[in-house]
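Working notes, structure below.
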Amino acid sequence: MKKKVIILINKLSENPAPDELDVIDQVEAVEKSLDEMGLPHDREFIGLDLGPLVKRMESEPHAIAFNLVESLNNNGGLVYFVPALLESIQVPFTGNPSDALFLTTQKPLAKKILAGQGIPTPQWFGSDEVKKLDPARTYMVKPSREDASVGINDENVFPGADPSVLSKFREKWGTHFFIEEYIEGREFNLSVVGSPTGPEVLWPAEILFQNFPEGKPEIVGYAAKWDENTFEYKNTVRNFDFSESDQPLLSELKSLCYNCWEAFNLRGYVRVDFRVDRNNRPFVLEINANPCISPDSGLYNAALRSGYTFTQIIERILNDL
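Residue numbering for the sequence shown follows the numbering used here, starting at 3 and increasing by one per position.
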């Protein structure tokens, strides 16, 4: 008998934003692959009350949980609750374990681990360390616990000589933000998929900022990801084609992905975001454990470019429990 797959999804808010609705696209893509694999499946929506999840999994003791939960009560910092619970009741589940999700979603903590492991990451400061900023450098303020570019736009980038912009973010996030040096240069996303024989880095992607006027920050903000009617969305393009001269850099990025996989005890599937400065030095911006896998996502398209079908990727994820 083939094992049933229970797809876990975070409950949506009453008026969900595009970044929240995206999980439904992911669910439908996974369901299509499960149908191709001949695996029975069902959906289970998850909220802050995890009791129903326990009852559901206990009622189907041979099922596998496909964890697509991206937030609880619209709080991305709580995503590790679900795998922690599944671990405690010994239910097999896809994607990253609770410790990996906790460490990677607490962004300042993740940066400390990166630095401690000798993995390059842009210099950063806590919300109470404004006096340490270099007036000659440019910085970017980021929320400590959110993914999907939530809360990121041009206003987040500011000169170290004028940190007055931070007052706005204190009102919005309290102390739950950090300040990171803004790296002028190129941006890359590399997706990694696990398997019983170890992780594989898929075809690399570079984000091209086309037609950006001088002075406009070249960042993948919320508009670039989610608002199809904006300049940023239309002019932020994913590119998979590279010259021979890029190969040494791409090899270095790939090596850093494997280092991140080991340092954070990653599993299943991950996306690592990089900036590369004008001197060709790479920096890890962040590690996205259980990243988006909708048909327009970086991982989905990197898989296709690497010669895999999406169903083959889903099968690998199911085999890396």
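Cβ atoms here follow ideal geometry from the backbone N, Cα and C, with glycine treated the same way.
Beta-carbon spacing of residue i, residue j below 8 Å
i: PHE214; j: GLU208; result: no
i: LEU10; j: PHE68; result: yes
i: GLY196; j: TYR271; result: yes
i: ASN231; j: PHE211; result: no
i: PRO85; j: SER73; result: no
i: ALA138; j: GLY162; result: yes
i: PRO124; j: PHE266; result: no
i: ALA172; j: GLY78; result: Per the sequence shown, the amino acid found at residue 172 is Arg instead of Ala. No. Outside cutoff.
i: PHE179; j: LYS144; result: yes
i: VAL152; j: TYR224; result: yes
i: LEU1; j: PHE127; result: Shown here, the chain extends from 3 to 323; a query on residue 1 therefore has no answer.
i: ARG318; j: ALA102; result: no
i: PHE312; j: ALA112; result: no
i: ILE8; j: ASP44; result: yes
i: VAL71; j: ILE48; result: yes
i: LEU320; j: ILE66; result: yes
i: PRO122; j: ARG283; result: yes
i: SER129; j: ASN76; result: no
Inter-residue CB distance, residue i and residue j (contact presumed, cutoff 8 Å)
i: TYR141; j: ILE185; result: About 10 Å; that fails the 8 Å criterion.
i: ASP27; j: SER253; result: With a Cβ gap of about 33 Å, ASP27 and SER253 do not count as contacting.
i: GLY217; j: ARG280; result: That belief does not hold up - the Cβ atoms of GLY217 and ARG280 are roughly 17 Å apart, past 8 Å.
i: ASN12; j: VAL25; result: 6 Å
i: PRO198; j: ASP21; result: Not a contact, Cβ separation roughly 33 Å.
i: ILE316; j: THR106; result: Contact flag wrong, Cβ pair sits at about 21 Å.
i: LYS256; j: VAL222; result: With 8 Å as the limit, LYS256 and VAL222 do not qualify as a contact, their Cβ atoms being about 21 Å apart.
i: LYS4; j: GLU62; result: Not a contact, Cβ separation roughly 13 Å.
i: GLU165; j: VAL132; result: Reading off the sequence shown, one finds Pro at residue 165, where the question assumed Glu. Indeed, because the Cβ distance is near 5 Å, the residues count as touching under 8 Å.
i: LEU301; j: PRO293; result: 6 Å
i: GLU157; j: VAL167; result: 7 Å
Assigned secondary structure, residue i (DSSP; H/G/I helix, E/B strand, else coil)
i: ASN12; result: strand
i: PRO110; result: helix
i: VAL71; result: coil
i: ASN261; result: helix
i: LEU323; result: coil
i: ASP21; result: helix
i: GLU46; result: strand
i: ILE66; result: strand
i: ASN98; result: coil
i: VAL93; result: coil
i: ASN76; result: coil
i: VAL203; result: strand
i: VAL56; result: helix
i: VAL81; result: coil
Any chain D beta carbon closer than 8 Å to residue i
i: ASP101; result: The structure shown contains no chain D; it is built from a single protein chain.
Touching by the beta-carbon criterion (3+ pairs, under 8 Å), the region 254-269 and the region 57-70: No: the two stretches stay apart, fewer than three of their Cβ pairs being nearer than 8 Å.
Alpha helix (DSSP H) runs wholly inside the region 205-239, at least 4 long, in chain order: Taking 4 residues as the minimum length, the alpha helix (DSSP H) runs contained wholly in the region 205-239 are 224-228 and 233-237, in order along the chain.
Ranges of the alpha helix (DSSP H) found wholly within the region 118-192, counting only runs of at least 4: You should have 168-175.
Length at least 3, wholly inside the region 238-297: the beta strand (DSSP E) runs in chain order: The qualifying runs are 238-241, 271-279 and 284-291.
Given 8 Å, three or more beta-carbon pairs between the region 187-194 and the region 270-284: Contact holds between the region 187-194 and the region 270-284, because three or more Cβ pairs, one in each stretch, are under 8 Å apart.
The region 38-54 in contact with the region 93-101 per 3-pair CB rule at 8 Å: Contact fails: fewer than three Cβ-Cβ distances are below 8 Å.
Contact the region 245-257 vs the region 303-310: 3+ CB pairs below 8 Å: Taking one beta carbon from each stretch, the region 245-257 and the region 303-310 have fewer than 3 pairs nearer than 8 Å; the two do not touch.
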